[in-house]
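**Q** If you scroll down you'll find the structure; I have some questions about it.
In our numbering, the protein residues as written are 318 to 956.
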């Protein structure tokens, strides 16, 4: 791009304008974070150049000493953050600074409430990066040049953070980016050398490149001042400038770990927990892994950018290296630094490298151990984790057979033991409360908590005092199909197949056989009327209050999974439910005694439809159900 390109004025993307406005008005109480964000971005730009230079060292332009420089001008009321990193082309400037190309943007904006305190937390969760400069600045100017391009390809971007920005060509001798903030009147404190140094120490001490500021001159006489004027300015590093994960754990404070988490995650919150580990032996690598407090807005997009920052021998290689953790742990943030991988490693090589597979296995176990320790700790940390990431973790048993038992211990559920919607009971808790002779872990799957706890299938379990897991997450049916057992106990869906309770006495079993025999006529008659709707009708002892319930065949798809696939437009296999009826229920007795075949058909269909509704299902023909019910009511009132 040459310098004769005309100056352009362009408009911000709508989402960028909304975010800018919200940020400026919601984060005013935590203004100093802008410096952390901009220095972090500068460090990332240097990491990207380091990686690019592995295959093309001409990009370094003969200057390989990387640094971030911060200059303040008290008189002008400005602060400038410069780096000698990768830089940007004109097209990249427009794309990166004029739009927010981030999945989940729409969901994020919809979730904002107008409450500044709550919105501030959400904005921090979403990440703000470059736009944080407008918290303290009336105007922002960016002067950048892509590494390897000519000096005349420099670009200047400028905006007051409102509806539009300008962009023009301007020569730049050195590669990289310089961001100048023209500070608001009430933010001039950030043009003070001491104030800025303290913020850098607070937030950016862990940055692995030196963050330089002008060394203070301390002349003692007039002649010293004259000499100082002729002397070239001297800069000094304000931060430690060592990669935090390379330091011994004993030398890193909790505050430093938390600050580094914010750097790698761009999250405003503190992490729930972290694990810093160095492995030596056949493989040599260091990992620093974090558990966040809150889920990002694109958590449910399985194609979201995810993974750890990868370094090889302390040289940055790539962001979001997803090969080191399975998909169900996509919420984990952090870095992994290997001594065994080649510096020119690519994503394709990572997928085939045996060392990567070994590291993936070890890192997965480390995260699961970290979660296990968090679960055993007193306090609400694990409850916080489960609320945010529990449904993601439930994907684990299907994806990671080797760690299925470990994952199962981390799962949390509602149960009939507490009758609370809180997911605070583990499978180990359940097993510890199992009755003598009970050999299965029972569960029911439903659309929501109330439907689950009032399910007709639970009636005999409540009568016998047997605990049942109440599963209401959309992923639960899929989870149980893959989990199948825990601690040697089979997991049993109470709405699937014939009920066989090990706790039933011989007397109870004899009573059930007698019930089946006495109900043969009722069952045969019902099956004939409902032959288009059910695969089978049978009398049951599982119901104590309800007239009927629907049961899924042993090898048929569950009702919840069927609904999910139908909603997604996916084909589902043909199958009909089994109708189980309670011969002792007054409605079923009335049905059995009915001689009029038309009235009998109406009553039979009402019983079937009520069983469908009781499990949270949708009626195929609601109008016919209402008509039959109204007719029954009118006949009852008339008699």
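Beta carbons are placed, not taken as given, at the ideal position from N, Cα and C, and that holds for glycine.
Assuming residue 744 and residue 645 make a contact with CB atoms under 8 angstroms, what is their CB distance in whole Å?
**A** About 17 angstroms separates the two Cβ atoms, so there is no contact after all.
**Q** Helix or strand or just coil, what does DSSP make of residue 603?
**A** Strand, per DSSP.
**Q** Between residue 474 and residue 414, how many whole angstroms is the CB-CB distance? I'm expecting something under 8 angstroms.
**A** Between residue 414 and residue 474 the Cβ distance is about 6 angstroms, and since that is below 8 angstroms, they are a contact.
**Q** Which two residues bound the contiguous alpha helix (DSSP H) that contains residue 594?
**A** Per DSSP, residue 594 belongs to no alpha helix (DSSP H); it is in the beta strand (DSSP E), 590-596.
**Q** Between 522, 533 and 591, which has its C-alpha nearest residue 560's C-alpha?
**A** The option with the nearest alpha carbon to residue 560 is 522.
**Q** Under the three-state reduction of DSSP, which class applies to residue 957: helix, strand or coil?
**A** Any question about residue 957 goes unanswered here, given that the chain covers just 318 to 956.
**Q** List the endpoints of the continuous beta strand (DSSP E) containing residue 833.
**A** Residue 833 -> not in any beta strand (DSSP E); alpha helix (DSSP H) instead, spanning 823-835.
**Q** Can you tell me where the alpha helix (DSSP H) with residue 350 in it begins and where it stops?
**A** Per DSSP, residue 350 belongs to the alpha helix (DSSP H) from 350-370.
**Q** Could you check whether residue 351 and residue 450 sit closer than 8 angstroms to each other, using their CB atoms as the reference points?
**A** Yes; because the gap between Cβ atoms is below 8 angstroms, this pair is in contact.
**Q** When burial is assigned at 16 or more other CB atoms within 10 Å of the CB, is residue 379 buried or exposed?
**A** By the 10 Å Cβ count, residue 379 comes out exposed.
**Q** Decide if residue 769 is buried, meaning its Cβ has at least 16 other Cβ atoms within 10 Å, or exposed.
**A** The residue is buried, with at least 16 neighbouring Cβ atoms inside 10 Å.
**Q** With C-beta atoms as the reference, is residue 530 less than 8 angstroms away from residue 555?
**A** Contact: yes.
**Q** Are residue 980 and residue 832 close, meaning C-beta to C-beta below 8 angstroms?
**A** With the chain covering only 318 through 956, there is no way to say anything about residue 980.
**Q** Between the region 885-893 and the region 926-933, can you find at least three pairs of beta-carbon atoms closer than 8 angstroms?
**A** Taking 8 angstroms as the limit for Cβ pairs, the verdict is that the region 885-893 does not touch the region 926-933.
**Q** For the candidate residues 395, 412, 514 and 367, whose alpha-carbon lies nearest to that of residue 464?
**A** Considering only alpha carbons, the answer is 367.
**Q** What's the call for residue 391, buried or exposed, on a 16-neighbour Cβ count within 10 Å?
**A** Result: exposed.
**Q** Using C-beta distances below 7 angstroms, list every residue in its chain close to residue 488, excluding the 5 sequence neighbours before and after it, in chain order.
**A** Only 320, 468, 469 and 471 meet the Cβ criterion.
**Q** So the candidates are 863, 592 and 361; which of them puts its Cα closest to the Cα of residue 567?
**A** Of 863, 592 and 361, the residue nearest in Cα terms is 592.
**Q** Along the chain, where does the beta strand (DSSP E) that runs through residue 474 open and close?
**A** Looking at the DSSP string, the run of the beta strand (DSSP E) that includes residue 474 is 472-476.
**Q** State whether the region 656-674 contacts the region 572-579, with contact taken as three or more CB pairs (one from each stretch) at a distance under 8 angstroms.
**A** With the cut-off at 8 angstroms, the region 656-674 and the region 572-579 do not touch.
**Q** From the DSSP output, which residues share a beta bridge with residue 638?
**A** DSSP output for residue 638 lists 625 as bridge partner(s).
**Q** Counting only the same chain and skipping the five closest in sequence on each side, list residues whose C-beta sits under 7 angstroms from that of residue 773.
**A** The answer, listed in chain order, is 860, 863, 866 and 931.
**Q** Which same chain residues end up closer than 6 angstroms to residue 399 when comparing Cβ atoms and leaving out the 5 residues on each side of it in sequence?
**A** Excluding residues within five positions, the ones whose Cβ falls inside 6 angstroms are 386 and 495.
**Q** What are the start and end residues of the alpha helix (DSSP H) that includes residue 799?
**A** Its alpha helix (DSSP H) spans residues 793-800.
**Q** Keeping to the same chain, check which residues put their C-beta closer than 8 angstroms to that of residue 660; ignore five residues upstream and five downstream.
**A** 371, 629, 630, 632 and 634, listed in sequence order.
**Q** Which residues mark the beginning and the end of the beta strand (DSSP E) in which residue 530 is found?
**A** That run of the beta strand (DSSP E) goes 528-531.
**Q** May I ask you to report which of helix, strand or coil DSSP gives residue 953?
**A** Note: residue 953 maps to helix in three-state DSSP.
**Q** Residue 479 lies in the alpha helix (DSSP H); which residues open and close that run?
**A** Here residue 479 belongs to no alpha helix (DSSP H), and DSSP marks it neither H nor E.
**Q** In terms of alpha-carbon separation, which member of 562, 580 and 395 lies closest to residue 353?
**A** The shortest C-alpha separation from residue 353 is found at 580.
**Q** So the alpha helix (DSSP H) residue 957 belongs to, where does it begin and stop?
**A** This structure leaves residue 957 out entirely; the chain is present only between 318 and 956.
**Q** Hey, out of 503, 564 and 549, whose CA is closest to residue 524's CA?
**A** Cα-wise, what sits closest to residue 524 is 564.
**Q** Whole angstroms are fine: how far does the CA of residue 922 sit from the CA of residue 648?
**A** Rounded to whole angstroms, residue 648 to residue 922 spans 48 angstroms at the Cα level.
**Q** Can you give the Cα-Cα distance for residue 688 and residue 675, rounded to whole angstroms?
**A** If you take the alpha carbons of residue 688 and residue 675, they lie about 20 angstroms apart.
**Q** List the endpoints of the continuous alpha helix (DSSP H) containing residue 766.
**A** It spans 766-770 - the alpha helix (DSSP H) in which residue 766 sits, taken as one unbroken run.
**Q** Count the other C-beta atoms from every protein chain shown that fall within 10 angstroms of the C-beta of residue 801, then say buried if there are 16 or more, exposed otherwise.
**A** Classification of residue 801: exposed, given that the 10 Å Cβ count is below 16.
**Q** So is residue 502 buried or exposed if we call it buried at 16+ other beta carbons inside 10 Å?
**A** Looking at its Cβ environment, which holds fewer than 16 other Cβ atoms inside 10 Å, residue 502 is exposed.
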